[in-house]
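Undergrad: Residues in the first sequence are numbered from 12 upward in steps of one, following this note's numbering.
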Amino acid sequence: MKVEEIKVTLPDGSVMDFKKGVSGEEVAKAISERLLKDAVAMKVDGILKDIASPLNEDCSIEILTSKNKESLEIYRHSTAHLLANAVKELFPETKIAIGPVIEDGFYYDFDRETPFTPEDLPAIEQKMAEIAKRGNPIERQDVSSEEAIRLFKGEDEPYKVELVTEKGQGGMVSIYKQGNFTDFCRGPHLSSTSKIKEGTFKLLSIAGAYWKGDEKNKMLQRIYGTSFFTKKELDEHLKKLEEARLRDHRKLGKELDLFSVADEIGGGLILWHPKGAIVRKTIEDFWREEHIKNGYEFVFTPHIGRSTLWETSGHLDFYKENMYPRMEMENQTFYAKPMNCPFHVMIYKSKHRSYRELPLRWAELGTVYRYEKSGVLHGLMRVRGFTQDDAHLFVPQDDMEKEVVSVINFTIHILKSFGFTEFSSFIATKPEKSVGEEERWNAATDALKRAAESVDLLYEMDEGGGAFYGPKIDIKIKDALGRSWQLSTVQFDFNLPEKFNLEYIGKDNKPHTPYMIHRALLGSLERFFGILIENFAGAFPLWLAPEQVRVMSIADRHIPYCEKLLAEFKEKGIRCSSDFRPEKINYKIREAQLEKVPYMLISGDREIENESVSVRTRSGGDRGSKKVVEFLDEFFKKVKSKEIKLD
RNA sequence: GCCGAUGUAGCUCAAUGGUAGAGCAGCGGAUUUGUAAUCCGUUGGUUGGAGGUUCAAGUCCCCUCAUCGGCUCCA
12 MKVEEIKVTL PDGSVMDFKK GVSGEEVAKA ISERLLKDAV AMKVDGILKD IASPLNEDCS
72 IEILTSKNKE SLEIYRHSTA HLLANAVKEL FPETKIAIGP VIEDGFYYDF DRETPFTPED
132 LPAIEQKMAE IAKRGNPIER QDVSSEEAIR LFKGEDEPYK VELVTEKGQG GMVSIYKQGN
192 FTDFCRGPHL SSTSKIKEGT FKLLSIAGAY WKGDEKNKML QRIYGTSFFT KKELDEHLKK
252 LEEARLRDHR KLGKELDLFS VADEIGGGLI LWHPKGAIVR KTIEDFWREE HIKNGYEFVF
312 TPHIGRSTLW ETSGHLDFYK ENMYPRMEME NQTFYAKPMN CPFHVMIYKS KHRSYRELPL
372 RWAELGTVYR YEKSGVLHGL MRVRGFTQDD AHLFVPQDDM EKEVVSVINF TIHILKSFGF
432 TEFSSFIATK PEKSVGEEER WNAATDALKR AAESVDLLYE MDEGGGAFYG PKIDIKIKDA
492 LGRSWQLSTV QFDFNLPEKF NLEYIGKDNK PHTPYMIHRA LLGSLERFFG ILIENFAGAF
552 PLWLAPEQVR VMSIADRHIP YCEKLLAEFK EKGIRCSSDF RPEKINYKIR EAQLEKVPYM
612 LISGDREIEN ESVSVRTRSG GDRGSKKVVE FLDEFFKKVK SKEIKLD
């Protein structure tokens, strides 16, 4: 009997002959023992497969090792299965739900009467290591949905039964077995549990999570973890998490005396302390100057408005669950504003408008209040009262795209000024609760896409994530730790102008309806401040630092000279303070350093003699003596250029 | 809102059901100092709040509030 042969093409173009049904492992082995050892999975004609899968026809294959970017996901996915395997061995009564790979690791959801505790994690990790060592092969089986359902019913795994029923749709599904643990999974997976090396995975936290992410469903227990091919990478990752923890704006906010929240006032309501407030003022001043340069005007509007306003705007229909409850007064009903737009619209409506005035660009640092569920509040990042750096642009319909482009450019210019250089974006489309016809939504969404493309801004689609009145483009930045934050939002609105019957008289002497753009560049000042704190780890760039310079005396006899400097600096608008206490200079330096003051100016006998200051920067240490005029020159240069680094 | 954890001095943390403590900060004093902590003394608490069990509660139970990790949601 003749053995059928197949031709296998490798990534370098070479072709090898194998018997039909050869496994990926055998192919890897034929190339090199080393490759077999390193093999994670393979791609057959571009499709990810287990390394043990048979090859039944001519194909091109690529053996994936830890160097390929898909491999880490496979490794983590197998680690997630290992986690579930360990949990089932330790706590057999547990029902397993779902365990996907996420950005920095994986999780697995479990249903168990007794919740897991943090103390359980080391025990589970240990069990995982034990199972890994057993080296059970991880085997894929393709079975019918019915068979899989029968199997999981037999194992009393209702969540798996539900998943197979949904995803299998009666066809074939794949299951993976390792030892006596079976999971429903698309794969691919590592070939053996022994491929997961001890010390390369870590369980991180426990949390509640709704089954299928729906708050109507039962809450399950989620265990988060992560894994890497090497212990070194895992350690680096854990170090990064630790670094993020150290930069936590809530911790730094307290340490640097920037802001606080008080029980007596309520969660999510921020108190800006003087040091935080001066940073905010600096941001606001810059923001205002740039807006003037870019053709904006400023408006101010109240914090509350009558219910009729919110009825017309649609907020009471579409946004009520986020609004603070009504206030009754003299038979009138008021609401605290969750958005500024209706107020700006009313300014527009205060008189007749001509096409000659358009586009009108009105900006306001408008403080809004939104009800947020207590569980979501988070430092400055998620609050109940916040100030948006808001603006509304009233634009002739034909000019919308052009205006959106210029808003996006403006946004990027502003964000760059704060040291952010990496951007990406989401274009969010029509949500379920929304107003306006499908066609206009689509046209507006397309306009946003074209605008993003014209400024080379990468975007992903966020289906159903738009505001109720129109689609939007949200711009995200990457911070110093590589984390993404959403800041800016540019929203297309063809609905509010209609609801409020906005119009302008065109060239043709006829009324036309303008469109609106809602936009916020920094998002909210609270969140932006939080992001800045974390990005700079509390060490604000010179132009933003609450205290830019601290003048320190060596001994009491130097105080008069220091006071003269202080007065001169203050006069020149430098945010500066003094430390004239009879303490050792080391003590004063340590304190200023911990407070992250950019410049420490030390003066003693030597400095008095030649009209100089000894300059120390928080990042560069002792910079030696400089003439006062030289220092001032350097100082103002750095402030003006908004330099991030001091030396 | 939901699941879990936590809540002790301004901050960071101790205290088998048996008299609430330390370091730092603060305050008082001494020290006059050259690039990340000088020394001595000292104030400070309805243990988040309200109830209960007990001879006795920071500790055990119930309720409540806040915070933290997530889920859902979001600037």
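Cβ atoms here follow ideal geometry from the backbone N, Cα and C, with glycine treated the same way.
Drop a sphere of 10 angstroms on the beta-carbon of residue 563, count the other beta-carbons inside from all chains shown, and report buried for 16 or more, exposed for fewer.
TA: buried
Undergrad: DSSP three-state label for residue 564, please.
TA: Strand.
Undergrad: Rounded to whole angstroms, what is the Cα-Cα separation between residue 660 and residue 200?
TA: Residue coverage of the chain in this structure runs from 12 to 658, which leaves residue 660 outside it and unanswerable.
Undergrad: Measuring alpha carbon to alpha carbon, tell me which of 559, 598, 62 and 592 ends up nearest residue 583.
TA: 559
Undergrad: Inspect the beta-carbon positions of residue 110 and residue 92 and report whether they are closer than 8 Å.
TA: Contact flag set, yes.
Undergrad: Among all the DSSP beta bridges, which residues are the ones paired with residue 198?
TA: Beta-bridge analysis with DSSP links residue 198 to no other residue.
Undergrad: What residues match up with residue 628 in a beta bridge as DSSP calls it?
TA: Partner(s): 610 and 632.
Undergrad: Give the straight-line distance between the Cα atoms of residue 50 and residue 172, rounded to the nearest whole angstrom.
TA: Roughly 32 Å between the two C-alpha positions.
Undergrad: According to DSSP, is residue 379 helix, strand or coil?
TA: strand
Undergrad: What did DSSP end up calling residue 137 once you bin it into helix, strand or coil?
TA: helix
Undergrad: Got a sec? Which residues, its chain only, sit under 6 Å from residue 11 by beta carbon, not counting five neighbours each side?
TA: The chain is shown from 12 up to 658; residue 11 falls before or after that span and cannot be answered.
Undergrad: Nearest-angstrom Cα distance between residue 476 and residue 32?
TA: 47 Å
Undergrad: DSSP has residue 590 in a bridge; who is on the other side?
TA: 563.
Undergrad: What number of angstroms, rounded off, separates the C-alpha of residue 18 from the C-alpha of residue 126?
TA: Just so you know, the alpha carbons of residue 18 and residue 126 end up roughly 53 Å apart.
Undergrad: For residue 327, I'd like the list of residues in its chain whose CB is within less than 6 Å of its CB, leaving aside the five on either flank, ordered along the chain.
TA: 321
Undergrad: Give the straight-line distance between the Cα atoms of residue 593 and residue 282, rounded to the nearest whole angstrom.
TA: 33 Å
Undergrad: May I have a chain-ordered list of the beta strand (DSSP E) segments no shorter than 3 residues that lie completely inside the segment 48-78?
TA: 52-55, 58-60 and 70-75
Undergrad: Would a C-beta distance cut-off of 8 Å place residue 37 and residue 59 closer than the cut-off?
TA: No Cβ-Cβ contact shorter than 8 Å links residue 37 with residue 59.
Undergrad: Report, in whole angstroms, the separation of the C-beta atoms of residue 99 and residue 90, which I expect to be a contact under 8 Å.
TA: The C-beta separation of residue 99 from residue 90 comes to about 15 Å, leaving the pair out of contact by the 8 Å criterion.
Undergrad: What runs of the beta strand (DSSP E), each 3 residues or longer, lie entirely inside the segment 355-423?
TA: 371-380 and 396-406
Undergrad: By Cβ distance, which residues of its chain are closer than 7 Å to residue 289, with the 5 residues on each side in sequence left out?
TA: 557 and 586
Undergrad: Which two residues bound the contiguous beta strand (DSSP E) that contains residue 221?
TA: 212-221
Undergrad: What's the call for residue 26, buried or exposed, on a 16-neighbour Cβ count within 10 Å?
TA: exposed
Undergrad: With respect to the beta strand (DSSP E) encompassing residue 534, which residues constitute its N-terminal and C-terminal limits?
TA: 526-535
Undergrad: Over the uninterrupted alpha helix (DSSP H) stretch that includes residue 662, give me the two end residues.
TA: In the structure displayed, the chain extends from 12 to 658; residue 662 sits before or after that span and is not available.
Undergrad: Buried or exposed: which applies to residue 273, given that a residue is buried once 16 or more other Cβ atoms fall within 10 Å of its Cβ?
TA: exposed
Undergrad: Would you kindly work out how many angstroms separate the C-alpha atoms of residue 97 and residue 181, rounded to a whole number?
TA: 30 Å
Undergrad: Residue 116 bridges to which residues according to DSSP?
TA: 113
Undergrad: When the Cβ atoms of the segment 536-553 are set against those of the segment 482-497, are three or more pairs found closer than 8 Å?
TA: yes
Undergrad: Does residue 255 come out as helix, strand or coil in the three-state DSSP assignment?
TA: Reduced to three states, the DSSP call for residue 255 is helix.
Undergrad: With a 10 Å radius around its C-beta and 16 neighbouring C-beta atoms as the bar for buried, classify residue 257 as buried or exposed.
TA: exposed
Undergrad: In terms of DSSP beta bridges, what is residue 347 paired with?
TA: Answer is 315.
Undergrad: Can you pull the DSSP bridge partners for residue 478?
TA: 481
Undergrad: Using only the alpha-carbon positions, how far apart do residue 383 and residue 397 sit?
TA: 12 Å
Undergrad: To which residues of the same chain is residue 633 closer than 7 Å at the C-beta, ignoring the five residues directly before and after it?
TA: 627
Undergrad: Tell me the DSSP secondary structure of residue 456 in three-state form.
TA: helix
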